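This report refers to the structure that appears directly beneath it.
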Amino acid sequence: MWYEIFKFELKYRVKRPETYVFFVFLLLFSIVGVDFVFQGVEIGIVKKNAPLIVAKTMGAITGIFMIMVSMIMGIPILRDFQYDTEALLFINPLTKRDYLLGRFLGSFVVLLFIFSGLLFGMMLGSQMPWHKEEEMLVFNVFSYIQTFSVVVVPTLFFGACTFFVTGMLSKKLLVVYTQGIVLFVLFLLTKAITNEYLQGLFDPFSLTTLTQFSKNWSVEERNLLSISLSNILLHNKLLWIGLGLFVLYLGYHKFSFTVLTKQHKKKKKIRQELPKTINESINVQIPKVLVKSDLKSKCIQLLELTKFYTFSLLKETSFWAIIICGIIIIAINSVSLGTVYGVDSYPATHFIIAELQEMSMYFFIILLLFYSGELVWKERNIKQYVLNDSTAIHNLIPLTSKFLALVNIYIVLMLSLIVTGILFQLANGYYELNLGVYFSGFFIEVLPFLILYTFIAFFFQAVSKNKFIGIFLTLIFIIINVSSAYFGFKNSLYKFGGKSLGIYSEMNGYGHFLQPYLWIKMYWIVFGILILTISSLLIQRGTATNLWLRLKRLKYQITKPVLKIVISFFTLFVLTGIYIFYNTNILNTYWSDAKELEFRANYEKKLKSLEYLPQPKITDVNLIVDLYPTKRSYQIKGTYILKNTTKKTINEIHIQKLIASHVLLKSIVFDREVVKNSQYSEFDYTIYKLKTPLQPNAIVKMTFEQSYTPKGFEDDNSDTQFVYNGTFFNNNILPTLGYNLKYELKDEDERLQFNLLPRKNKASIQDENELINARSGGDSEGINLETIISTSKAQTAITSGKLLKKWTENDRNYFHYKTQEQIINFYSIVSADYKVAKDFWKSSNSNTKSVDLEVFYHKNHVYNIDRMLLGMKESLSYFSTHFSSYQYEQLRIMEFPRYREFAQSFPNAIPFSEAMGFVLDIDNEEDIDMVFFITAHEVAHQWFGMQIEAANVQGRNFVLETLSQYTALMVFKEQYSKEKVQQLLDLQKEIYEEKRRKATHEPSLVLVENQDFVYYYKGILAMHKLTELIGEERVNKAIQRFINDWNSCDGKIKMNTKHYATSKDVLKYIKEESPKDMHAIIHDLFETTKEIKNQY
Amino acid sequence: MQLTINNLSKTYDNGVKALQNISLEMSNGMFGLLGPNGAGKSTLMRTIATLQDADQGNIMLNDLEVQTNKNAVRRLLGYLPQQFGVYPKMSAEVLLHHLAVLKGITNKKERTNIVNALLHKTNLYDVKKQSLDGFSGGMKQRFGIAQALLNNPKLLIVDEPTAGLDPKERNRFYNLLSEIAENTIVIFSTHIVDDIKELCTNMAIINKGKVVLKGNPLELIHQLEGKVYQKVIHRNDLNRYKDSYKVINEKLFLGKPVIHIVSDTNPDNGFTPVKASLEDVYFSQINN
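Protein chains in written order, with our numbering: chain L, 1 to 1096; chain Z, 10001 to 10288.
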């Protein structure tokens, strides 16, 4: 008998459209599965179709589409109840076992068919032309089938059992929808398990399990080994299959086959309770009513219906299940916030909100997809539409109220998340609640996005034949719209919804990003209103008809009020569109990606030949900088003294203006006669031919005026240098000399597109042209800098040099800085509303002056200032004792907004990102004092970078970064216990190994290019090993000698060779200081990519 | 109020011709639609109730064309469908308020008055707080009547309204309908012939999508008067009688078949003349 039920189920499913819709959807999705799941993740040398990668992709896709499992497995029993067929079914001579078994197996077979789309999709995907041959292994059908059977089928079985039982017992469709989320929550919960084995064991999608499973595999093994059912994977699968069987068993016992009779009794009971008295109210007169259709009554209708639908959603248990799940997830995930090098930040509101936004997106999308379907189809599903549809209400009113009800539901979820966030902060003893940030985080950043997609969801529901098709059309629309950005479809005027708001900085709020964001959101919301109006004209009313017929009858729907709405919103849409276009494309130049690539390629093609043309060097810079933070603009009057340091006469001076909109460079004047040649003006590149050539050692003075006045707003404004509070830029905005490498295309594929050869990350260590260059387009061998900066009254402006004077004039603050010794031609200017902490440091050598220490910080970020000051002092002491004295009389740290996450050293000034340590919550017991360490590293750059400049060739970052890492470690070691040092090294090792696994290429330290995992993380480990081998003293001695010989100011070798130092030079001193028998090991450490062994 | 139906036709996608060239005229008062199951009564009523579009022909309510002025018609319309669902876990009172809002009765006091009055009229006042999904079929039907009357309709369409009502409730309902029909067009479909005779001033018989007869019930009966004869026969002879006479109806009387025939002259042969009934009119059309 069960076989009959089984066959019936199959036959039924064969006719259902969703069977095929799901299959095709999975197939299509899986074709790009690997690229989707591993997007942005460097899988490195592991091939894209290695069994492990395939397995992880399959696991992830199964997890993502658990909702399909739920929609297939949750309904077979429910269906009988929904269509009231249960009475017919249950009176048949049918046993419970046959009925349930038939339904379950039938649906499960269909489920396997649907998910075979995943298998075939991935196979097809591996054959797609966009893969490069070197990324792929030879195609092997069996390996796909094996992986599918091992990874996917057991997960599906568990899901099938669970969802089948919950659907059967709850008999509610919304439970079926939401239970996918519950499993997702479960998955996230497993992430919180600290025990690796248990975490792997409990992962329902086997992702962590696979990571554990392949933990000890080498790269070759990762490519070769198939995914077999053994070890932890076996345990994991057994656990979940067992659980599935258990749930099925429980459900079988709980399910009552005689539900119907029970229900019947209940009904009868009610009937008996009815009063039998026929009351004589038959004579009551039916009062006259006024049926109104004026605007006021329409508003009342809208209000009443919105209330009605909102409450009907609030009564849904599934909604509360979602809220509770959301709260649980947030509570778990917020445990570590804003983590930098393993240290968490204080639970500031913007961290919490970022976490909430990220985690809750899944829930919001679920609400959006399913509740929109549920609401739009509500009356049809229960067949009440016959009553509602014959009333005189215009379609737009119920549809709008359903829309508003859903928006209300989003708001309820947001408010409960906010309350959770606040409770979390209070529980952690953090009392700086920032309600404004909570509000804007949800209501400005998330709500508009949801509202826009809800319009779309309602539209698709209105035109679709049923709810499921509507849901899938919406989902496909969302996916296409989101992914279209990767194909260059970005212009906010035609990309639905525009862009997201970006990062919130406590220093600068949303800054200038808010205005365009709001305009573009308004533009699309108006569009959404139009869409909703059109939906109301197309939605089914009365007996079901197909869309084509409804379109034909559209003309009768367009009544005057509707026409008024459409015309007025369309006008508004066009007007906002024009305003946005005026701002982004007329006031500003809109650069499409393609246009920008072409420009860069042309720049290189036309100008590359001028790269090493001899140019004079800048020796003195004088700047008068007026900053206008509220307008994000500046005016600079500058003077360069240019000196011919070459041995040849120079006939032409080439000036490259910064290539950026609204930057004007004018009044370039030389103190001798020139002829201007503008043949490259399209690249803002001007050649000044000197009437009398510049002889060796002769100088020329150049003055210029540069201004920046942004107008309107841009579509893709990523400028974070000039902001309302927290301006931070450096001298590369100023005119430079000759060809600029930075404008070249970097990506290999993009270069190929324009027939450009791949370019090196760094010049070869023997490149004579670059050995005399400290950085790309260095333009100088050292300068004197004098600046007068003015800024708004609330702000403080800071640059390199000594502050000679500060004053206030015309409601503006003025600062006069001057360097007292030569600095490198690399300096920054910052301006923000700062608080300042001051201290000083004096060396043990009493002849030197004391150094003024200052930390400029945002008013709330007081937590780690003392650690920074301590770091500065300890570093200055250590470096001046072991290497050379500190060259300046000031050292400053300035905070800048979190748009950029780094700290960077300039002469006597260290801009330090808001995100990099100002808000870290350091527990001295458990955490590493990363603020201290980063400070020490940056102070080290005052030596390695300012005193010593490295040649712009391979190994440059070894000289600058690895030595800074080493010296920071030594300072750290003086301050903290052995255990903390070990903890720090372990962390560095962990990061090194993780990044190394994903990297495509690993050079040796001596030849390192821009691989940060080598020069930071391997570097510190190698240097630490070196101290173990030859002792800290010898290492320091080597470095001291290296600085002495190679420093930019008076280093003997530097002066003689004109070359800048390279990694090989450093290594020479190290080898000289170490015993001969160590040379082989030193060679291994620095000149090979061999692993750093514990014992040598 | 005047409702005119001109040459209305509708063919479903599966080829069923639900309406074929139907033309009818109705004014205030009760209009009965009589016909067997599947005759097209519900299709016709749904079309008048703006829930479905016809392929051809039109319907005019006074000067309003129904198909193109649906919302104007809906303002005047009350409709009780043959079958309908309701929101789960919702009381009669709340749902009536909800539907009243949909119908445009936005003044809260007015709404409360009419909802209460109708709850009394349909004898649901005492159970107004009870959930509708616990209602019996008859109670749900009464709720359906109440909701149809919320907006003082000028055109009331009731599709098989008395199905599931006990005789007492049915009488009560008929009283209500005839009270309303004084200044309203009430279109009323049924397959119970006697109901029409009791209530309707005008009627039409529909079969297979066509109007086969229309007029005043009494006049229709009068036309058949003196032509109907009946005879108690033996069961085995039925087919023979069917061949020789125009048998319009056969029923059982004390277990034996009684046939009614139509004949302009007295057929003798054991037939006795009987008084023509509306049922004879009906079957004389249907069984042709």
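Think of the CB as a built atom: it goes at the ideal place given N, C-alpha and C, for glycine as much as any other residue.
Since we're looking at a predicted model, the values are computed, not measured.
Close-in-space but distant-in-sequence residues of the same chain around residue 10074(Z) (CB under 7 Å, 5 per side omitted): For residue 10074(Z), where only same-chain residues beyond five positions count, the Cβ hits under 7 Å are 10050.
Pull up the DSSP beta-bridge partners for residue 852(L), would you. 840(L), 890(L)
Just checking: is the beta-carbon of residue 10028(Z) within a distance shorter than 9 Å of some beta-carbon in chain L? no
Compare the C-alpha of residue 10080(Z) against each of 986(L), 764(L), 1043(L), 384(L) and name the closest. Ranked by Cα distance from residue 10080(Z), the options 986(L), 764(L), 1043(L), 384(L) are led by 384(L).
8 Å CB neighbourhood of residue 10048(Z) in its chain, flanking five on each side removed: 10003, 10005, 10059, 10066, 10155, 10157, 10187
Which class does residue 828(L) belong to by DSSP, given the choice of helix, strand or coil? strand
Taking 9 Å as the threshold (beta carbon to beta carbon), is residue 350(L) in contact with chain Z? For residue 350(L), the answer is no, since every Cβ of chain Z falls outside 9 Å of its Cβ.
Is the separation between the beta-carbon of residue 10030(Z) and that of residue 10181(Z) shorter than 9 Å? yes
Would you list the one or two residues that DSSP bridges to residue 345(L)? 920(L)
Per-residue burial, residue 351(L) [other beta carbons within 10 Å of its own, 16 or more giving buried]: buried
Compute the distance between the beta-carbons of residue 1106(L) and residue 118(L), then report whether it is under 9 Å. In this structure chain L extends from 1 to 1096, so residue 1106(L) is not present and cannot be described.
Would you tell me roughly how many angstroms separate the C-alpha atoms of residue 10274(Z) and residue 10226(Z), rounded to the nearest one? Cα atoms of residue 10274(Z) and residue 10226(Z): separation of roughly 7 Å, rounded to the nearest angstrom.
Using a C-beta cutoff of 9 Å, does residue 97(L) count as contacting chain Z? no
Please compile the residues from chain Z whose C-beta is within a distance smaller than 9 Å of the C-beta of residue 174(L). Result: empty, since nearest Cβ-Cβ is about 12 Å, beyond 9 Å.
Just to confirm the assignment: which complete beta strand (DSSP E) runs, minimum length 3, are found wholly within the segment 93-175 of chain L? As far as the segment 93-175 of chain L is concerned, it has no whole beta strand (DSSP E) run of at least 3 residues.
Kindly list the residues whose CB is nearer than 6 Å to the CB of residue 908(L), restricted to its own chain and excluding five residues on each side of it in sequence; keep chain order. 800, 888, 890, 891
Span separating the alpha-carbon of residue 10287(Z) from that of residue 10039(Z): 13 Å
Out of 109(L), 153(L), 184(L), 815(L), which has the shortest C-alpha to C-alpha gap to residue 67(L)? 184(L)
Cβ-based burial, residue 271(L) [other Cβ within 10 Å; buried from 16]: Residue confidence for residue 271(L) is low, a pLDDT of 46 falling below 50, so the modelled location carries little weight; the figure read from the coordinates is stated next. Burial call: exposed.
Neighbour flag for residue 10110(Z) against chain L, beta carbons, 9 Å: yes
Is residue 507(L) helix, strand or coil when you go by DSSP? Here residue 507(L) sits in coil by DSSP.
Residues near residue 528(L) in its chain [Cβ-Cβ closer than 6 Å; skip 5 each side]: 452, 455
Residue closest to residue 1026(L), alpha-carbon to alpha-carbon, out of 969(L), 1009(L), 1012(L), 536(L): 969(L)
Using 9 Å as the threshold, is the C-beta distance between residue 499(L) and residue 716(L) below it? yes
Using a Cβ-Cβ distance cut-off of 9 Å, determine whether residue 267(L) contacts chain Z. Unreliable positioning characterises residue 267(L) in this predicted model, as indicated by a pLDDT of 44, which lies under 50. A coordinate reading is not provided.
Only counting the same chain, and skipping five residues up and downstream in sequence, which positions put a Cβ closer than 6 Å to that of residue 10014(Z)? Nothing meets the Cβ criterion.
Going by C-alpha to C-alpha distance, which of 10214(Z), 10208(Z), 10252(Z), 10135(Z) sits closest to residue 10090(Z)? If we check each option's Cα against that of residue 10090(Z), 10135(Z) comes out closest.
Residue of 10169(Z), 10177(Z), 10166(Z), 10161(Z) minimising C-alpha distance to residue 10084(Z): 10161(Z)
Since residue 782(L) is in the beta strand (DSSP E), which residue starts that stretch and which ends it? 780-792
State whether the segment 728-748 of chain L contacts the segment 600-609 of chain L, with contact taken as three or more CB pairs (one from each stretch) at a distance under 8 Å. Yes: the two stretches touch, three or more of their Cβ pairs being nearer than 8 Å.
Within 10 Å of its beta-carbon, does residue 9(L) have 16 or more other beta-carbons around it, so buried, or fewer, so exposed? buried
Can the beta-carbon of residue 179(L) be found closer than 9 Å to that of residue 163(L)? The Cβ atoms of residue 179(L) and residue 163(L) lie closer than 9 Å to each other.
Opposite residue 1113(L) in the DSSP bridges: which residues? Here chain L has residues from 1 to 1096 only, and residue 1113(L) is not among them.
Selection of the segment 10058-10071 of chain Z by Cβ proximity to chain L, strictly under 9 Å: 10067, 10068, 10069, 10070, 10071
For the segment 10172-10184 of chain Z, which residues have a CB atom closer than 9 Å to at least one CB atom of chain L, in sequence order? 10172, 10175, 10176, 10179, 10180
Does residue 10147(Z) have its Cβ less than 9 Å from a Cβ in chain L? yes
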